[in-house]
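Take a look at the structure below.
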Amino acid sequence: MLFNSLTFLFFFTAVYLLYMLLGRRYKLQNLLLLVAGYVFYGYWDWRFLSLIAISTLTDFSIGRLLDITSDQTPAGKQRRKLLLVCSIIVNLTFLGFFKYFDFFVTNFVALLSLLGVTSDPLMLQIVLPVGISFYTFQTMSYTIDVYRKRLKPTDSLLNFAVFVAFFPQLVAGPIERAANMLPQVENRRYITTEQLNAGFFLVLWGYFKKIVVADNVGLIADHIFNNYTHFAGLDILIGVLAFSTQVYADFSSYSDIARGISRLMGFELLVNFRLPQFSLNPADFWNRWHISLSHWLRDYIFFPLRRVLLRRNRNATVLNLALPPMVTMLASGLWHGPSWTFVLWGAFHGLLLIIYQRFEKHPMHQDPWGGKHSPVVVIAKMVLMFVLAHVGWLIFRSTSIHQIGYMITHVSLIPSRYSLSFIAMLLSFASPLVLVQIHQYVKRDLLAIIKLPILLRLSSYSLMLVWIFVFGAREPLEFIYFQF
Amino acid sequence: MTITKAQNRPGGTGERLYKQLPDEIASSPSKREVLFNVLGPLLVVFTINLIVLGYLSRYPTNRGYWLMKRKWEILQTMPAPADWLILGDSSGNQGMIPEKLQDELGGTAVNLCTIGDIALFDDVWMLEEHIEKFGPPKNVIIVHAYDVWPRQAITVLFAKIPRPWGYWREFTPAPKLSTRDHVNIFLARYMPLYAENATLLKVLHWATHSPQKLFKDRYHLEPGGYMKLMRANPRYVESDTREQIKFVENRKSGFSLSDINQTSLEQIIALSEQYHINVFIANSPIYEGLYENKDFQAYFSKVQMELDRFAEQSEYIHYLSTPFTFPINQMQNTDHVIHSAAEEYTEMLALEIAQTR
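Going down the list, the sequences are from chains U and C. Yeah, the first sequence ends on 651 if you go by the numbering used here, and it's all consecutive. Yeah, the second sequence ends on 674 if you go by the numbering used here, and it's all consecutive.
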């Protein structure tokens, strides 16, 4: 069930009305949310509901067992470790089988053939359960946090199941943390005017970004990337810009809609994007782009790995500096899908982080515009990071290593007869997004639009709605991140 | 997570390592403000939609939509029943001249032909409407192009028939519509902002480039419902011929009536039997260059056989199987003629009807 479909409109209207009718009875509301989550997910393929159910039951039970298992004795410690490993194995087995089985088999067979051994690969042509990477990471973080004693496990299976299958963010995030979400599930929600106001804006802005911006500029990106040898150097540049606009508008729109409809129900989800186009450096970029994933990777891969390495050697060795960012970013790349281009994208960002750590002496973490730094330097850094991020997007969108090589070596400012119309289309659809983002950046407020003067606000909201009706794609198109 | 304005200030409790990161700063709107933010834009969009609806109703830009609306209006405002009710698609709309038919066959005639994309729904529904309003007409002529018979109806066109919502349930055959169809019909009928976005872009283009086009009556019908068109388009006829040849090549394996056209024809037979109405089914004009194509002739003979089979079911149904062909300089595409050919076509058809009677 796509957010941008009529089916979802009917579904959400029905769920929301029932939710509001239940009023203060938040436990019944939770039951409703659970049923809604399973209907929402089962609408794609009811068979995969079993995966969510098994994942939920496993992590709930292991959470309970971890809670009652003492870590005061060596045997208890051992048992707790075993429980954690069990949870990780179950979750990663599902993920590995459904997402990576064919990829690993294909590459294993290719490796064997390099060694002169030929064999028929066992290809299962497995259907990828939508959103599996999102909810698997969400449930894993719960068990790890309980194991680390950073989180008290819930004793209600219903509440835990709602946390896992909360429909607004079930299939494309944000990847929630139990510490943020569970207390909201376990207690009565109060829907404030602030939440309604911000929720409505987020939903409207999200739909605008998806239907007007992403789906339209995506046409340019698809056209150029799918026929990259037919276009001139400037077209390749436009294609990369169009794709970066598409992927940002598409993915952030899902997060916005998810967060918006959650707010309408009294829930606060994690912020997933903070204007990544204004990043000053690679570290800054990952604090602005898909934050719920990058922070997940930071907390559960980067920090633990760095701790282990520092325990072995406290000096700033090459290994200590290079391995954690590289492994984390490779995991990020592979998380996006079983493809070497994603792995390469991860490696590219890993390399950027390593270089940044090595050479950046004065990180602009505090306030780049506060007077300590020259505006020219700040803008230069922003432009450099913008260009580097776009090299990353070129790698990300390409379907083969050959395509990456071809496109990078053919980028230029030489136009073709199509360039002007591509630029006009890109500008007309991306300019509202750019304008709003500049306003948000200047005000340092992602909700700056809702604080515009009354007439300007009414005009902006109305314009967004009119654009959605007039320029919106007529058939609902899937969100890019569903495939991950 | 939302932080407050106070927290966002330097020294506030919302201190973060990356201070340059934008956040969601809370505000405390009143209920009235929230209501304004939600309802205000909806009201603006509703108003704009209403303006667009009014504009397109007064100055329509889609000939097909306009034709359907206008022909139904003619039927609904006719002062007296017609002796010759001419039904069918756009090939009949600009091919059949009622005055000419009256001259040849006597009685009164009205051309209610609309467009092929609604298949035979329009024919049978208009006939039922006529029966309900005036009683049965004496004669009905149905004109369709050869490619309409296998077509399914585009249900969204039901929105353009000026009758109250849900009218399609009152006619036979009543189409089976899904929820999705209902939504689409609703949008096409009441939400031009969504359903006619391409038209709106065209109108916006006029507004900026040639405003004189904005308030102009674009289409015109003769008093009997006939659309008189004077300019041939040989270049388009040629490209359309290539398309039509592709169309018939794709149907080499066989020809069959679409289920909805079959049901509609059965209903027409039933009505003709019940009310003793003479129904004449005629072929549309055809471009002679297309007719010379062997694949086309093979396809066309299958159409003829199928319609003959229907005609045999009732003494009131007559299929006029003669193909009426015209040269390229008398056509706008492969089955739409200009006025000079329309006169000839109507005359030839009248002659054949006279012979059949």
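Just so you know, even glycine gets a beta-carbon here, dropped at the ideal spot from N, CA and C. Note that the structure is a prediction, hence the values are computed from the model and not measured.
CB-CB under 6 Å to Arg355(U), same chain, minus the five flanking residues each way: which ones, in chain order?
Translated into positions along the first sequence, residue 355(U) becomes position 188. For Arg355(U), where only same-chain residues beyond five positions count, the Cβ hits under 6 Å are Tyr193.
Under the assumption that Gln469(C) contacts Ser575(C) (Cβ atoms under 8 Å), give the Cβ distance between them as a whole number of angstroms.
If you number the second sequence from 1, residue 469(C) lands on position 152. If you number the second sequence from 1, residue 575(C) lands on position 258. The pair is a contact, with the Cβ atoms about 5 Å apart (cut-off 8 Å).
Alpha carbon of Asn650(C) to alpha carbon of Glu560(C), nearest angstrom:
The count along the second sequence starts at 1 and reaches residue 650(C) at position 333. The count along the second sequence starts at 1 and reaches residue 560(C) at position 243. Approximately 11 Å, taken between the alpha carbons.
Which residues share a DSSP beta bridge with Leu637(C)?
Position 320 of the second sequence, counted from the start, is the residue given in the question as residue 637(C). Checking the DSSP bridge columns, you'll see Leu637(C) partnered with Ala599(C).
Closest Cα partner of Gly389(C) within the set Ile432(C), Tyr372(C), Asn514(C), Pro453(C):
Translated into the one-based positions of the second sequence, residue 389(C) becomes position 72. A quick correction: the sequence has Trp, not Gly, at residue 389(C). For the residues Ile432(C), Tyr372(C), Asn514(C), Pro453(C), the minimum Cα distance to Trp389(C) belongs to Ile432(C).
Beta strand (DSSP E) containing Trp401(C): first to last residue?
Walking along the second sequence from the start, residue 401(C) turns up at place 84. Per DSSP, Trp401(C) belongs to the beta strand (DSSP E) from 401-405.
Hey, is Thr360(U)'s beta-carbon within less than 9 Å of any beta-carbon in chain C?
As a position in the first sequence, residue 360(U) is number 193, starting the count at 1. Between Thr360(U) and chain C, the shortest Cβ-Cβ separation is below 9 Å.
Taking only beta-carbon positions, decide if Phe613(C) is within less than 9 Å of chain U.
Reading the second sequence from its first residue, position 296 is the one you call residue 613(C). So no, Phe613(C) is outside the interface.
Closer than 8 Å by beta-carbon distance: list the chain U residues that pair up with Tyr511(C), in chain order.
Taking the first residue of the second sequence as 1, we reach residue 511(C) at position 194. Those are Phe636, Val637, Gly639, listed as they occur along chain U.
Exposed or buried, which one is Thr273(U) when buried takes at least 16 other CB atoms within 10 Å?
Within the first sequence, the letter at position 106 stands for residue 273(U). It counts as exposed.
Report yes if the CB atom of Met348(U) is closer than 9 Å to the CB atom of Tyr183(U), and no otherwise.
Against the first sequence, residue 348(U) aligns to sequence position 181. Against the first sequence, residue 183(U) aligns to sequence position 16. Contact: no.
Using 10 angstroms around the beta-carbon of Gly417(C), count the other beta-carbons present and answer buried if the total reaches 16, otherwise exposed.
Locating residue 417(C) in the second sequence gives position 100, counting from the first residue. The sequence as given places Lys at residue 417(C); Gly does not occur at that position. Lys417(C) comes out buried.
Contact list for the region 588-611 of chain U against chain C, Cβ threshold 9 Å
Gln607, Tyr608, Lys610, Arg611
Could you tell me if Trp536(U) is buried or exposed, where buried requires 16 or more neighbouring beta carbons within 10 angstroms of its beta carbon?
Numbered from 1 along the first sequence, position 369 holds the residue referred to as residue 536(U). So Trp536(U) ends up on the exposed side.
Rank Ala640(U), Val558(U), Ser579(U), Leu614(U) by C-alpha distance to the C-alpha of Phe596(U) and give the top, closest one.
Counting from one through the first sequence, the residue named residue 596(U) turns up at place 429. For the residues Ala640(U), Val558(U), Ser579(U), Leu614(U), the minimum Cα distance to Phe596(U) belongs to Ala640(U).
Name the chain C residues that come within less than 7 Å of Phe367(U), Cβ to Cβ?
The residue labelled residue 367(U) in the question sits at position 200 within the first sequence. Correct list: Asn354, Val355.
For the putative contact between Ile577(C) and Ile634(C), defined by C-beta atoms under 8 Å, what is the C-beta separation to the nearest angstrom?
The residue given as residue 577(C) occupies position 260 in the second sequence. The residue given as residue 634(C) occupies position 317 in the second sequence. Not really, about 18 Å apart at Cβ, beyond 8 Å.
In this structure, does DSSP put Gln649(C) in helix, strand or coil?
Reading the second sequence from its first residue, position 332 is the one you call residue 649(C). Gln649(C): strand per DSSP, three-state reduction.
Does any residue of chain U have a CB that is nearer than 9 Å to the CB of Ile368(C)?
Position 51 of the second sequence holds residue 368(C). So, not an interface residue.
Between Asn383(U), Ser429(U), Phe434(U), which has its C-alpha nearest Ser411(U)'s C-alpha?
Residue 411(U) sits at position 244 when you count from the first residue of the first sequence. It is Asn383(U).
Of the listed residues Phe333(U), Asn197(U), Gln362(U), Asp226(U), nearest to Leu614(U) (C-alpha basis):
As a first step, residue 614(U) is located in the first sequence; it is residue number 447 there, counting from the start. It is Gln362(U) whose Cα lies nearest to the Cα of Leu614(U).
Around the Cβ of Leu176(U), are there at least 16 other Cβ atoms within 10 angstroms (buried) or fewer (exposed)?
Counted from its first residue, the first sequence places residue 176(U) at position 9. Leu176(U) is exposed by the Cβ-count criterion.
Closest by C-alpha distance to Ala628(C), when choosing among Ile459(C), Tyr536(C), Arg486(C):
Looking up residue 628(C) in the second sequence gives position 311. Closest by alpha carbon: Ile459(C).
Among all the DSSP beta bridges, which residues are the ones paired with Phe643(C)?
Position 326 of the second sequence holds residue 643(C). In the DSSP output, where bridge partners are listed per residue, Phe643(C) has Tyr604(C).
Start-to-end residues for the beta strand (DSSP E) that takes in Phe457(C):
Residue 457(C) sits at position 140 when you count from the first residue of the second sequence. It should be noted that the sequence gives Val, not Phe, for residue 457(C). Start and end: 456-461.
Three or more beta-carbon pairs under 8 Å between the region 486-494 of chain U and the region 515-524 of chain U, yes or no?
yes
Which of helix, strand or coil does DSSP assign to Asn379(C)?
Taking the first residue of the second sequence as position 1, residue 379(C) is located at position 62. DSSP places Asn379(C) in coil when its eight states are reduced to three.
Close-in-space but distant-in-sequence residues of the same chain around Arg191(U) (CB under 8 Å, 5 per side omitted)
Locating residue 191(U) in the first sequence gives position 24, counting from the first residue. Hits under 8 Å: Arg355.
Pair within 9 Å by beta-carbon distance, Ala332(U) and Leu201(U)
The residue you call residue 332(U) lines up with position 165 of the first sequence. The residue you call residue 201(U) lines up with position 34 of the first sequence. Cβ distance < 9 Å, so Ala332(U) and Leu201(U) count as in contact.
Out of Phe613(C), Pro454(C), Tyr484(C), state which residue places its alpha-carbon closest to the alpha-carbon of His593(C).
Start at 1 with the first residue of the second sequence, and residue 593(C) comes out as number 276. The residue with the shortest Cα to Cα distance from His593(C) is Pro454(C).
Give every residue of the same chain whose Cβ lies closer than 7 Å to the Cβ of Gln411(C), excluding the five residues on either side of it in the sequence, and list them in chain order.
Residue mapping note: residue 411(C) aligns to position 94 of the second sequence, counting from 1. In chain order, Met544, Leu546, His653, Val654, Ala659 place their CB closer than 7 Å to the CB of Gln411(C), counting only its own chain and leaving out the 5 sequence neighbours on each side.
Would you grab the beta carbon distance between Leu561(U) and Val407(U) for me? Rounded to a whole angstrom, and I think it's under 8 Å.
The residue given as residue 561(U) occupies position 394 in the first sequence. The residue given as residue 407(U) occupies position 240 in the first sequence. Right, the Cβ-Cβ distance comes to about 5 Å (below 8 Å), so this counts as a contact.
Assign Phe327(U) to buried or exposed, taking buried as 16 or more other Cβ atoms, counted over all protein chains shown, within 10 Å of its Cβ.
Here the question's residue 327(U) lines up with position 160 in the first sequence. Phe327(U) should be labelled buried.
Against chain U, does Ile502(C) count as a neighbour if the rule is that its beta carbon must be under 9 Å from one of theirs?
Within the second sequence, the letter at position 185 stands for residue 502(C). Ile502(C) does not count as touching chain U.
For Leu517(C) and Val379(U), believed in contact at Cβ under 8 Å, the rounded distance
Within the first sequence, residue 379(U) is the residue found at index 212, counting from 1. Within the second sequence, residue 517(C) is the residue found at index 200, counting from 1. Not confirmed; about 14 Å, so no contact.
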